[in-house]
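Under this note's numbering, the first residue of the sequence shown carries the number 6, and numbering increases by one thereafter. Beta carbons are placed, not taken as given, at the ideal position from N, Cα and C, and that holds for glycine. Everything numeric in this text was worked out from a predicted model, so none of it was measured.
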Amino acid sequence: MAILLFFGADESLLALAETYLMSVKAVVPLFLFNQMLAAFLRNDNPPELATAGVLAGGLFNAAFDYIFIFIIDMGILTVLFYRQIMRYLGSNALSVYDPVINVSTIVQCCAYSAGQAAQPIISINFGAKKWQRIKETLRYALYTVGVFSTFWTVFSLI
């Protein structure tokens, strides 16, 4: 309960937030292990396994987001955040926040994808002392991020 109060839950939502937190507490260790083990998976040479893991995680997330939010009606975390925006900034801020944050997430994922793809290639070539391959991979990653940056900048200005 203390953590919920720390993050802004008030008395009217505390019981609902505690209910939501019960299911989240059970999977926090899995989330942390997932983040730790993902780096090992990417660097252990089976790119198909890493790809399958990412795809399975994304499908699992999409399916269970739907189940928890629409079927079990447990979208209370977003509600708490939106309530804070409404309380301190009003409906105009809320109407702007949601589309901006969603676009921001997509743009960030484009940059993350270039870094995540380059990281194991750079690592293995660093170990093999193949400096030219590192430079080439870095150049491709930077070009890719440059293309993404240009695209999203132009798209947002349009």
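Worksheet entry | E16 (DSSP reduced to helix, strand or coil) | In the sequence shown, residue 16 corresponds to position 11, counting from 1. DSSP places E16 in coil when its eight states are reduced to three.
Worksheet item: Taking Cβ to Cβ, would you say A116 is nearer than 8 angstroms to F153?
Response: If you number the sequence shown from 1, residue 116 lands on position 111. If you number the sequence shown from 1, residue 153 lands on position 148. Cβ distance < 8 angstroms, so A116 and F153 count as in contact.
Worksheet entry | Cβ pair L18, L94 closer than 8 angstroms | The residue you call residue 18 lines up with position 13 of the sequence shown. The residue you call residue 94 lines up with position 89 of the sequence shown. Contact: no.
Fill in: Check whether L21 and I90 have beta carbons under 8 angstroms apart
Working through the sequence shown from its first residue, we reach residue 21 at position 16. Working through the sequence shown from its first residue, we reach residue 90 at position 85. The answer is no: Cβ separation not under 8 angstroms.
Worksheet item: Between which two residues does the alpha helix (DSSP H) harbouring L162 extend?
Response: Locating residue 162 in the sequence shown gives position 157, where the first residue counts as 1. Taken as a continuous stretch (DSSP letters only), the alpha helix (DSSP H) holding L162 covers W136 to L162.
Practice prompt. Determine contact between the region 65-77 and the region 125-135, defined as no fewer than three beta-carbon pairs at a distance below 8 angstroms.
Written response: no
Worksheet item: Thinking C-beta only, is L9 closer than 8 angstroms to E23?
Response: Your numbering for residue 23 matches position 18 in the sequence shown. Your numbering for residue 9 matches position 4 in the sequence shown. Cβ atoms of E23 and L9: closer than 8 angstroms.
Worksheet item: Under the three-state reduction of DSSP, which class applies to D78: helix, strand or coil?
Response: Sequence index remark: in the sequence shown, residue 78 carries index 73 (1-based). Reduced to three states, the DSSP call for D78 is coil.
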